[in-house]
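A short worksheet on the structure shown next.
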Amino acid sequence: MPDVSIVARGPSSLRMRFRPGLVGPPLAEDDYATQGEAEAGIDTEKVMSPLRTKQSILVNAKSGTWLQNGTGAVARTMDAKLKEFSISVKDFGAVGDGAADDTAAIQRAIDFAQTFSAGGIVYFPRSEPYYRCAGTLNITGHGVTLEFETALTKLVFVNGALDCISVDGTSIGSAGVYNITIRRGLIDHSGKTGGTTIKLYKANNVLLDRVQVNNAYQPYDFNFVNNVMTYFCQANIVESGQFALRFRAPGDGSGRSDVLTIINSVLQCGTTGADGIEWDGAAHTLRIFGSSIIGARDAFVIKNTAASAANFPSFLYAFDLEVDGTTRKVISASSGRQINFTNCDLFCLSSASGPVIDVSPDTGASYTSSWRFDGGRISGGQGVLLSYNAKNLTVVGVTLAGGANAGSGSAPAIAIGAVASDILISGNNIGSYWGTTVNHSYAVTVASGAVRVFADGNNCFGCVTGEMQNNASGSSILLGGGINRLGVATKSFLGTDVIRTTIAGAVQYQIINDATGVSAQAKWTLSTGTANSFRSGSVIDNSGAPYYVVNGGGAITIEYNDVDANIWRSNAAVEKGRLDTLGFKLPTGRAYFVNNIQVVGARDTGWTAMTGTGSKAVLAAAAAGTASAAYTQSDLQSALNRIAALEARLRSLDAALFTHGLIGV
């Protein structure tokens with residue numbers, strides 16, 4: 001980077017060379033020719049310039065004018081030029097020796113920056129050992145930036161239970177304060193008994209950029225905020241029972257929070273009993289990318305303190321999040337809607353009793369819904385990995401495995417609660433931990449009362465008792481095939497490989513007999529959940545005596561007790577649709593029907609006698625014709641013979657009349 005030179009002309013000469021640094025404004029080096037020049041340079045030793053190209057600048061030290069060397073440059077006062085630079089806290093009396101209280105001096109610098117409508121940069125030059133504050137620094141105006149020269153420029157608070165840096169837009173109005181930045185620096189408050197390191201209230205467009213918070217009682221509290229971002233930040237909390245970060249809104253519904261983005265940041269709780277993120281009330285859209293929560297008691301506490309429809313947290317999108325060393329739960333949630341964890345590693349210490357993730361309903365479970373875990377891992381602990389008792393859960397492509405110290409068969413991996421509904425669990429690996437089989441009783445259990453649960457296509461390697469356990473009495477519960485656990489392979493009724501250690505005792509797919517009065521039968525029961533809305537039928541065989549059985553809404557009846565194999569019937573003893581009967585003689589009393597019309601019937605040696613006075617008169621009409629009362633086949637044949645003779649006589653008569661010309665052709 002080229003240097004920048006300033007040459008002063010006047011009673012004494014001063015040459016300063018600006019060397020732009022890697023971070024922060026460039027600092028000036030002095031090259032004094034005389035004692036007077038050195039004295040003149042005392043006040044300008046730390047002059048800073050944003051210039052980034054080599055320039056010559058002529059300064060009239062006597063008149064205090066500044067002239068940029070270039071075509072069109074105009075003379076300006078030194079005062080105007082220097083005000084373009086950052087506002088140094090040392091300009092207002094900050095010492096930075098670790099002994100003096102710099103609170104008032106730093107606050108004066110902040111207040112001065114707030115006098116400008118666009119705000120200003122309050123600059124902390126590096127100082128040894130650190131800046132010391134015994135009070136609270138308050139930002140109440142727009143556009144203020146606190147900028148530390150280096151990442152290790154240190155600001156130490158020794159203010160007991162007071163907040164450290166407070167950004168509060170209450171005095172501005174309902175919109176609050178805008179465009180606040182804290183950049184670099186190390187903020188420490190060892191020995192504090194309360195308060196928050198960085199507290200935001202009614203603040204918008206806030207950026208925490210590469211800020212490190214050490215030994216915090218509570219690092220961050222964001223309440224009634226909009227568009228806040230932490231970027232490459234680290235916070236270390238040491239106080240049990242507190243939160244590393246609070247994202248919330250007023251419980252009375254007077255305001256809401258929107259959009260907190262956490263990028264490549266770390267919340268280090270140090271297994272001190274502190275929790276990670278508290279998310280409460282009408283705070284919406286929490287986005288987390290590539291970040292970590294380490295050593296928390298509960299990594300997430302998601303709740304709705306106000307317990308009202310207008311105050312519930314919603315929209316969490318976590319990608320590549322690491323939660324490690326949690327001592328109690330990764331997630332403890334009594335509220336939350338539209339919660340998404342994608343390719344995240346969610347891990348409890350093996351000593352934690354669990355559940356690792358606990359999602360329970362709030363008021364009527366009406367605001368807890370739409371959770372999704374996609375890829376990644378849920379593991380550790382000694383109990384249930386995922387306990388879900390709310391609406392709409394999707395778990396796909398996740399590895400779920402308990403801690404190595406869990407008791408054998410002590411708990412399922414996934415427990416679906418009694419008020420849960422609309423659950424999809426598919427394509428997961430359930431039951432192995434770093435290559436070691438562990439001790440879940442079942443992969444999935446479903447409590448009585450749950451509805452619309454679908455679990456299928458999961459690899460349940462390592463479950464002790466079974467793959468799926470359905471205790472629900474409701475409808476639409478499908479716990480399907482494609483699942484296995486350690487042992488010897490057998491076949492399930494679906495034909496898929498179901499691997500089990502033993503088949504002694506209850507099995508997951510049961511063959512039952514609940515037909516009263518009917519001999520033993522194999523039956524698979526289906527239900528739509530509405531009485532008599534589903535009918536299924538089957539042909540069963542009992543020692544050569546087949547039966548056709550119908551199951552309608554749980555009521556099982558015998559339709560026909562004389563069923564022949566491969567025969568469909570609409571009425572007892574009447575065959576329909578048996579195609580192979582066409583090539584054979586029908587048994588006595590059998591017939592073949594098409595569209596309920598008999599087209600093939602039994603063939604006997606004689607016809608059934610006709611009856612009725614009208615029919616008898618027809619047959620007796622022929623001359624000399626007689627017929628018995630029974631109208632047998634011989635009677636009919638006699639009548640036909642007479643009709644044939646009569647027809648022959650008529651033809652002879654017709655020919656004679658024609659011959660004598662009495663009739664024409």
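In this text, residue positions in the sequence shown follow our numbering: the first is 1, and each later residue adds one.
Just so you know, even glycine gets a beta-carbon here, dropped at the ideal spot from N, CA and C.
Because the structure is a prediction, the values reported are computed rather than measured.
Contact fails between the region 201-210 and the region 235-248, because fewer than three Cβ pairs, one in each stretch, are under 8 Å apart. With a cutoff of 8 Å on beta-carbon distance, V225 and D188 are scored as not near each other. With fewer than 16 neighbouring CB atoms inside 10 Å of its own CB, N596 falls in the exposed class. Assignment of beta-bridge partners to T326 by DSSP yields C348.
If you draw a 10 Å sphere on the C-beta of E84, you find fewer than 16 other C-beta atoms in it, and that means exposed. Per DSSP, reduced to three states, the secondary structure at S257 is strand.
Counting the other Cβ atoms within 10 Å of the Cβ of F658 gives fewer than 16, which makes it exposed. From the listed residues G273, R184, S254, I288, the smallest Cα separation to L260 is found for I288.
Where F300 is concerned, the enclosing beta strand (DSSP E) starts and stops at 298-303. Taking C-beta atoms as the reference points, I331 and I302 count as a pair closer than 8 Å. Within the same chain, Cβ atoms closer than 7 Å to the Cβ of S240 are found at T272, G273, A274, the five residues on either side in sequence being excluded. By the 16-neighbour rule on beta-carbons within 10 angstroms, D654 is exposed. Taking C-beta atoms under 8 Å as the contact rule, I182 and V211 qualify, at a distance of about 5 Å.
For K391, the enclosing beta strand (DSSP E) starts and ends at 391-396. Within the same chain, S369, S370, D422 come within 6 Å of N392 by CB-CB distance, once the 5 residues on both sides are set aside. Looking at the DSSP output, S369 shares a beta bridge with R337, K391. Residue range 234-237 is occupied by the beta strand (DSSP E) that includes I237, with no alpha helix (DSSP H) assigned at that position. Taking the Cα positions, I378 is about 47 Å away from G96. Within the same chain, and ignoring the five residues on either side of F312 in sequence, the residues whose Cβ sits closer than 6 Å to its Cβ are N304, S335, Y367. By a beta-carbon distance limit of 8 Å, G276 contacts A296. Their separation comes to about 4 Å. The C-beta of L662 has fewer than 16 other C-beta atoms within 10 Å across all chains shown, which makes the residue exposed.
In the DSSP assignment, the residues bridged to V122 are I87, L146. Where K81 is concerned, the enclosing alpha helix (DSSP H) starts and stops at 78-82. Annotation for K199: D163, S166, D221 place their beta carbon closer than 6 Å to its own, counting only its chain and skipping 5 residues before and after.
Beta bridge pairing from DSSP links S292 with V266, E322. For A307 and F454, the gap between their C-alpha atoms comes out near 30 Å. Contact check for G397 and N428: beta-carbon distance about 7 Å, within the 8 Å limit, so the pair qualifies.
S426 is bridged by DSSP to V396, D456. Under DSSP, G466 shares a beta bridge with Y442.
Out of F112, G135, G376, the CA that lies nearest to the CA of A100 is found in G135. DSSP places S448 outside both helix and strand once states are collapsed to three, so it counts as coil. Taking all protein chains in view, the Cβ of R649 is surrounded by fewer than 16 other Cβ atoms within 10 Å, so the residue is classified as exposed.
The DSSP-derived three-state label of D188 is strand. The beta carbon of I87 sits closer than 8 Å to those of A109, F112, A113, G120, I121, V122, Y123, all from its chain and outside the five residues before and after it, given in chain order.
A direct Cα-to-Cα measurement between T326 and E278 gives close to 15 Å. The shortest CA-to-CA distance from D320 to any of N343, R126, I339 is the one to N343.
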